[in-house]
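Input: a single structure, listed below in structure tokens.
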Amino acid sequence: MVFSCGDSTADLKTGSPTVTVSGTTATFSAAQTGNIGVGDAVVYTSGTAFIVAKTSTTVWTVRSATGGNPTAGTNDTVTSIKHAFASLALALTGFDGAGFLNTVDLVTADIQVDIACYRDSADMTGAQNRTATVITTDATRFVRIYTPYDTAVDCNNNQRHNGIWAAQGFLVSHTASVIQITVIRDILMEGLQVSMDGTNTGATAVILHRNTTGGSVQFRENLVKVRNTSASSNQVGLHANQGSVPMRCANNIFWCVITSGGTITAMSQTETNGSWLNNTVFGATIGLERVSGTMTSTNNLISAATCFNGTQSQSNNASTDATAVGTSPRINQTFTFENSGVGDLRITAADAGAKGFGKDLSAAAYPFSIDVVRTTRTVPWDVGAYQVSVAGGVVHLLDRGTERGLMRGLMRGVVS
């Protein structure tokens, strides 16, 4: 089941259409070309339906709030088409409530919940948390927070970033901790832009903390920016504390900006059984830190004062200092980015520090084969989140069906 969130509460329908709802098909009398897509709520004379797929701008697949067939209607007046929730925070705390799933047990309901995030006119501000009432999940019935991008089958406009910080794609920001989730044990977060800009010491942009048992956590293809503006402030980009739960952090870019002498740790792990794969970090005090738990780090590109800290099982990491160790380390490297000053941390074809030195993880126990912008990686893999495409070559993206199948497989909790 899919529910949407966005910074707009406006009616997003185009014109004054009617709709015929038969089974799970909604056919509109006029093309719906606004910033709509999966998860949005269609209110019509006979009821409310939620979009779960797109066939065209006039034909959409819809479901009831609990995943069944919506109420049928013929040539009904469309009252509105809106995002289901006005913020990610409201979506995280409300998708299990009355008027929506009306259950906290996704396993018994046999439903996977997708929260589709839309950018309308601006970024979404404030804390976006779920810290109360445990959601019962498993490896195939989990919660996915993501940005839809496929304009053929999901949405009218691509909601995802293109690998660089720009006014494109869904962005959530706050002056303190931005996203904190403690009660969903099986969760996938992908394709988000998260920005924390402030002076609060101890603030963390994304906190994934487990106070339930079991589960699997993924954080992938996200852009995280942390800007520390206080000399006495110590901040963190992503902190994972999942007990013995498998946690996978892959293909993310962390852009850290220190303006007044404070510190930033880009990625930090406590207790978790974590795999940290193909991430890029720039500007941090500490790039990747293991406090406790079992940590595997592979193919990470880190430019920081201290790149790797704490005991890790390392392979094919690249660092600007000498802390990349283990198998095939690249130490004391200089990386060539497109434009690090504005957060464009894609390595260029001229890079000699990370390009072509990665380990192929496509056949690992916990496999993947794409980069931060869903480009299919080719051998030799590059270290870091971005795979340089051959000039004049074709960028191959995974189709939605293949990606969804891979996503479900990865959530089964196997860690490479």
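Residue numbers (numbering that gives the first Met the number 0): 0 to 415. Even for Gly, the Cβ is constructed at its ideal location relative to N, Cα and C.
- If you draw a straight line from the Cα of Asn157 to the Cα of Ala249, it comes to about 22 Å.
- Non-local C-beta neighbours of Arg62 in its own chain, meaning closer than 7 Å and more than five positions away in sequence, comprise Met0, Thr23, Ala48, Phe49, Val51, Pro69, ordered along the chain.
- Between Gly342 and Trp59, the C-beta spacing is not below 8 Å.
- At the C-beta level, Phe253 and Asn233 stay beyond 8 Å of one another.
- Membership of Ala88 in the alpha helix (DSSP H) is indicated by the continuous run 87-93.
- Nearest to Ser314 by C-alpha distance, out of Val324, Asn308, Cys306, is Val324.
- For Pro147, the number of other beta carbons within 10 angstroms of its own is at least 16, and it is reported as buried.
- In the three-state scheme derived from DSSP, where H, G and I count as helix and E and B as strand, Gly340 is classed as helix.
- A direct Cα-Cα distance of roughly 32 Å separates Asn128 from Thr375.
- The segment 102-165 contains, as complete beta strand (DSSP E) runs of 3+ residues, the segments 112-117, 127-129, 142-145 (chain order).
- Assignment of beta strand (DSSP E) within the segment 318-375, counting only whole runs of 3 or more residues, yields 336-338, 343-346 in chain order.
- Counting only runs that start and end inside the segment 174-201, the beta strand (DSSP E) elements of at least 3 residues fall at 178-180, 185-189, 192-197.
- The Cβ-Cβ distance between Val225 and Ile180 does not fall below 8 Å.
- Bridge partners of Val61 according to DSSP: Ile50.
- In terms of Cβ geometry, Ser120 and Cys4 do not form a close pair [threshold 8 Å].
- In this structure, the beta-carbon distance from Asn272 to Met246 falls below 8 Å.
- Residue state for Pro245 is assigned as strand, using DSSP reduced to three classes.
- When C-alpha distances from Ser79 are compared across Tyr117, Ser15, Ala126, the shortest belongs to Ser15.
- When DSSP states are grouped into helix, strand and coil, His82 belongs to the coil group.
- Contact annotation: Ser215 and Ala138 have beta-carbon atoms nearer than 8 Å.
- Burial check for Asn298: the Cβ neighbour count within 10 Å reaches 16 or more, so the residue is buried.
- Cβ-Cβ distances below 6 Å link Ala230 to Ser259, Gly260, Gly261 in the same chain, with the five nearest sequence neighbours on each side left out; the list follows chain order.
- Beta-bridge analysis with DSSP links Asp75 to Val18.
- In this structure Thr347 touches Phe336 by the C-beta definition: roughly 7 Å separates them, less than 8 Å.
- Ala283 has its alpha-carbon roughly 14 Å from the corresponding atom of Asp196.
- Residue range 222-227 is occupied by the beta strand (DSSP E) that includes Leu222.
- DSSP, reduced to helix, strand and coil, places Val216 within a strand of the structure shown.
- A distance below 6 Å between beta-carbons, with the five flanking residues on each side excluded, links Ser312 to the following residues of its chain, in chain order: Thr295.
- According to DSSP, Cys306 shares a beta bridge with no other residue.
- Between Cys255 and Ser318, the alpha-carbon positions lie close to 16 Å from each other.
- Bounds of the beta strand (DSSP E) holding Ser314 are 312-314.
- Assignment of Glu288 by DSSP, reduced to helix, strand and coil, places it in the strand class.
- The beta carbon of Ile134 sits closer than 7 Å to those of Asp95, Val103, Leu105, Val142, Val182, Ile183, all from its chain and outside the five residues before and after it, given in chain order.
- When C-alpha distances from Asp350 are compared across Leu344, Ser339, Phe334, the shortest belongs to Phe334.
- The Cβ atoms of Ala71 and Ser55 do not sit closer than 8 Å to each other.
- About 7 Å separates the beta carbon of Lys53 from that of Cys154, a gap short enough to meet the 8 Å contact definition.
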